[in-house]
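The opening position of the sequence shown corresponds to residue 638 in the numbering used here, with each subsequent residue numbered one higher.
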Amino acid sequence: MDFLKRLENEVGYTIYSRGKDYYNRGKAGNFKLYGVEEEYYGEGVRNLEGSVKGSNYLNYKTEVIFSKDEVLDFNCSCMYFRENIKPCKHIVAVAMAAYNLVLKKESIERVKADIHLDFLKNPIGEKKNLIFLKIIPKIENIRGYIDFKLDIEIVTKDKNYKLTNKLSKFLKAYGLTSFDFGKSYQYNPATDYFQGWEKKFLDFLKEYEGILEKSYYGELNISTILSNKFSFDRLLDILVEGDQVVLKNGSLKEILEIDVKNSGSDIELAFKNISNFIQRGERTLLHLDNGTPIFYRVSSEDIEIYKKIRQKTSRSETMVISESNLPVVINSIQKMAKLELSEDIKKKVYTPNKIEDKIYIDSYNTYGLKVYTKRFYDGIYEGDLDGTIILSNQLEGYSLYKDVLKDYQNNFENGAYHITNVESIYRFVVEGIPELERYYEMYYSEEFKNKSYTTASYHVETKVTDILDISFNIDGIDKDEVVRFLTAVREKKKYYLLKNGGIIDIGDTSELDGLNDLLDISEASKKEIEAGVISRAKNYSYFLSSTLKRIKNLVLDENFKEMENNLKSITSKDEEASIKKRFPMLRDYQLYGVQWLNTLKKLGLGGILADDMGLGKTLQTIAYLSMEKRELPSIVIAPKSLVYNWKSEFERFAPSVIVKMCVGVKWEREEAIKSLKSGEVLITTYGVLKNDLDLYGMMPFEKGFANIIIDEAQNIKNILGKTSNAIKEVKGETKIALTGTPIENNILELWSIFDFAFPGYLGKHTTFKKRYLDNLKSLKSVVGPFILRRTKSEVLQELPDKIEQDVVVELGEKQRKLYLGYLEKYKREVEAVGSDAIKILSCLTRLRQLCNHPKLFIEDYKGESAKLDALLELLQEAKSGGHRVLLFSQFTEMLGIIKNHLKDEFNILYLDGKTKVEERLNLVERFNSGEGDIFVISLKAGGSGLNLTGADTVIHFDPWWNPSVENQATDRAHRMGQKNVVNVFRLITKGTIEEKINLIKDEKSKVISEVLDGEKRELLKMNRDELLKLF
């Protein structure tokens, strides 16, 4: 492989092509060829240096080390190479020169001038004549303007040659070509060389000449460089290295002299030698001493002072001030210059040996602070030294005092700092004062010393007897201030102002929030808060346990701990064995569920069994009721569609339990209620119970029921609904709610269920919403012990996962035009009606129908339905793969269209709201036995309470914004007994309201997990604005 091919492989085609183009366009030049040490690279290796003009007109210094076969090493001053350490196009250009101008020639010779290559005629690396420079610094005074100049000479062994006037031309030839200095000497870069500071000097001028060439037209002269402050400093450092000039590091005070004397009633300041200095460079002052230039390198601050003085003394080197200003002025200028005081002024000046500041702190108004200082000179108060000029360098004491106070918001007035901001006051007391005490003698007024500045702390204790007593006290807070203090904590204030003017640092309110939560949840009265004691029913301990645990300074008595352990001690071996003997089919998690229900019963508590759909809540409840030996009957309240399912499950799993149905005509229901006996179970529906409340007063049991079980407890989610109120009026000892979705839309649904299971525990619904809507983590800790929830993934590893997929369908032309037309129409109608929610929902329903099939409300529609076509494809694929399908829609009319569309190709079972209860069970059994390819079901009628594990594919024809409803429908197939993976398809029309509904559905999925699964997100609710966003 030849030299150039290796180079291309090394750098890649793109960089290689760009570098080759640079070389061909003559952008590479100024080449120098050297030999290299053989011990590093081997024999026959050389180094070619060159200059490459970049795309930004800058010249980059580039070198390659190469053998006859390849490039061995390289370097470039461009940004690309420095950042990536990879070959750049400039390196390629010089490598191309190495190949074409060195390797392809048998000997080194001079090549065409347009590529600017001067190869050395001597052996590589050899140069004979060492040349020197001579720099002659001088001061020029041209018409009163003093300036600094340099004369430059080249020194050879025979003669010196002036370079100053030929500088620009020489620099163009320097290192490249020969240059004539008259007839007697010719500079030859092949033989003549510079080293040390001279080489640095010329290299710097060469670099500057290149920059100048790009900036304006003209030749470089030394005055150009000396007039630029940045280039001057660099040049000066090189000249100092060569001992060509004198540079001293110092301060302005060492070189500037000022005479101070009386001038009548005023004071005259005479700047004796200010005119002997001129600024050169950024921080360099040039001092003219008998015509010999001496340079002083001073600080940036000194340069600024110098410039101000020069500005004020531009016309005269004297300055006149009033005698009253002398103390301030003299203390200021002594830092920057040597002072020469006249005898009469010396008499007024006092230079103390010791300066001492003392700081005084007093109250200001009620809460504020006043901070001021007094200065003492050799123990004498400064106020007693009127008319005396204090000359001292020790004014920094004041500076430190001010620096500390800068950190605290204040107002300076009448010689004192007034701090009125509460946070600044507290921080100054606990941080600022200790810092000042390290440097100053401090004095405090009695009023200030009587104030309290401390952090908030508190203690809580419990005592359980026949009742629960919780006592608490807050350190440093009087009883009459407790309510105000806790209000400040609730409002997240950082500090609390005590009546006596002191301050309590509330700090991070999280610790005190626990106390506030306790008072809120227990709904403590003002009287209880001021007394520091809350008394509640003994069983309240269970509900306050999680809240108390968030309190750090808590002491629990032994009785409280014992009650806690009772709630935790759910399982016992004896009870477990007894349950297993009667119900051997129970899985471990179901066995635990039965024991959990038993524990609630023993402790006189209620709760929510919230297992996922299909995990056997019914079976666990039947086992629990069967194990009970009670003197009272129990009641199960379920939706109409599930009451016979409950009866069937009792007959299957607990045939010994007497079950009475309360669902017939009124006289039959009355007879069932009146004839109830101990241990029997009454089964009724929500609707029937609402109408039969008067009958329950005829029960032969004054205490009511031993257990009230409500299935699908979301039926009482409406806190103002008649059904909810009716259920809560039924008397019973233990109340258990069964639901896979205790929250469908908002947390008030959970409140309503708890209001049934444990009335009053979560307080009023208005307070509950305000307290927990944005504090779901706290809500979970409060309700957690009384909700038992297991998901399928947690307890049924053998249950196959479901695979969910959204099938996005593009509307056809005709259907899309119809949709868009009605969308605009409904937008206008909605804007016209304002807040009419019924009208808005009506319009939304029409749009959803259009997505399904325009024929749902346009009777003469003759066009296609994109969804129907997509459905047919899905069903054909499912049938060919041997899959059986549950097909859900919310629109019964759509189900009819689907049924007619598919009847010739598929065997269909059909269920909607008109299907009788007895027929429903028959249809389920037929489908699970293998009959039918597709079970077409109305979402409302069959979305819950059915076991349809005979299907392994679920299709939702139209999306719904409540994910719980969809999930319930899906779980008809994805439940216990399912042995296959369940595929779930949702048909969604692109660019329509359905896509937006899908987004809402995703958000509502978060709602359910907020409290039950612990993820903290905002709960959503559909208000008017959110509904309008769907259009």
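Don't be surprised by glycine CBs; every beta carbon is placed ideally from N, CA and C.
Here the structure is a predicted model, which is why all the values come from computation and not from measurement.
Item	Value
For the segment 1176-1185 and the segment 1152-1166, state whether three or more C-beta atom pairs, one from each stretch, are separated by less than 8 Å.	yes
Answer with buried or exposed for PRO1600, where buried requires no fewer than 16 other C-beta atoms within 10 angstroms of its C-beta.	buried
When you compare each of GLY1614, ASP1589, PHE1622, GLN1615 to GLU1603 by their alpha carbons, which one comes out closest?	PHE1622
Check whether the segment 1582-1599 touches the segment 1408-1416, counting contact only when three or more Cβ pairs, one atom from each stretch, lie closer than 8 Å.	no
My guess is that ILE1320 and MET1298 are in contact by the Cβ rule of under 8 Å, so how many angstroms apart are they, rounded?	5 Å
Tell me, to the nearest whole angstrom, how far the beta carbon of ILE1245 is from that of PHE1423; I am working on the premise that it is less than 8 Å.	7 Å
Starting from PRO930, follow its DSSP beta bridges and name the residues at the other end.	LEU925
With distances taken from CA atoms, which of ASN684, ASN712, GLU1447 is nearest ILE702?	ASN684
What span of residues does the alpha helix (DSSP H) with LEU1240 cover, start to end?	No alpha helix (DSSP H) contains LEU1240, which DSSP labels as neither H nor E.
Does any residue of chain C have a CB that is nearer than 8 Å to the CB of LYS1175?	Annotation note: the requested chain C is absent from the structure, which comprises a single protein chain.
Out of curiosity, what's the CA-to-CA distance linking GLY656 and ALA734?	11 Å
Tell whether a beta-carbon distance below 8 Å holds between LEU1546 and LEU1524.	no
CA-CA distance, LYS1277 and ALA1503?	36 Å
Using CA coordinates, which residue listed in LEU1326, VAL1302, LYS1303, MET1335 is at the minimum distance from LYS1314?	MET1335
Give the C-beta separation of PHE668 and GLY691 to the nearest angstrom, bearing in mind that I take them to be a contact with Cβ-Cβ under 8 Å.	In fact, because the Cβ distance is near 17 Å, the residues do not count as touching under 8 Å.
State the DSSP-derived secondary structure class of TYR1132, mapped to helix, strand or coil.	strand
Can you tell me whether DSSP reads SER900 as helix, strand or coil?	strand
What does GLN823 pair with, by DSSP beta-bridge criteria?	ASP817
Give me the Cα-Cα distance between GLY1458 and GLU1555, rounded to the nearest whole angstrom.	45 Å
DSSP three-state label for MET1613, please.	coil
Kindly list the residues whose CB is nearer than 6 Å to the CB of THR1010, restricted to its own chain and excluding five residues on each side of it in sequence; keep chain order.	ASP994, ILE996, TYR1038
For LYS1136 and LYS1417, what's the separation of their Cα atoms in angstroms?	38 Å
Just the C-alpha distance for VAL1648 and LYS1414, rounded to the nearest angstrom, thanks.	With a pLDDT of only 48 at VAL1648, under 50, the local geometry of the prediction cannot be trusted, and no value is derived from it.
So, are the CB atoms of ALA1507 and VAL1444 less than 8 Å apart?	yes
Can you tell me the Cβ-Cβ gap for ILE1107 and TYR1095, rounded? I've got them flagged as a contact below 8 Å.	Actually they are not in contact, since the Cβ atoms of ILE1107 and TYR1095 sit about 12 Å apart, beyond 8 Å.
Cα separation between GLY1230 and LEU1636?	35 Å
Which term fits ILE1272, buried or exposed, when burial requires 16 or more other beta carbons within 10 angstroms of its beta carbon?	buried
Does the Cβ-Cβ distance between PHE1543 and GLN1486 come in under 8 Å?	no
If you follow the beta strand (DSSP E) that ALA1343 is part of, which residue opens it and which one closes it?	1342-1347
Distance check for ASP658 and ALA665, CA to CA, integer angstroms please.	10 Å
Please state the DSSP three-state secondary structure of MET956.	strand
Could you check whether LEU1240 and ASN1203 sit closer than 8 Å to each other, using their CB atoms as the reference points?	yes
Which residues in the same chain have their Cβ closer than 6 Å to the Cβ of THR1626, if we skip the five residues on either side of it in sequence?	VAL1446, LEU1448, CYS1488
So does the segment 935-953 actually touch the segment 885-896, counting three or more Cβ pairs closer than 8 Å?	yes
Tell me which same chain residues have a C-beta within less than 7 Å of the C-beta of LEU1669, skipping the five on either side of it?	In this structure the chain extends from 638 to 1668, so residue 1669 is not present and cannot be described.
Do you know how far the Cα of GLU1068 is from the Cα of ASP1015?	30 Å
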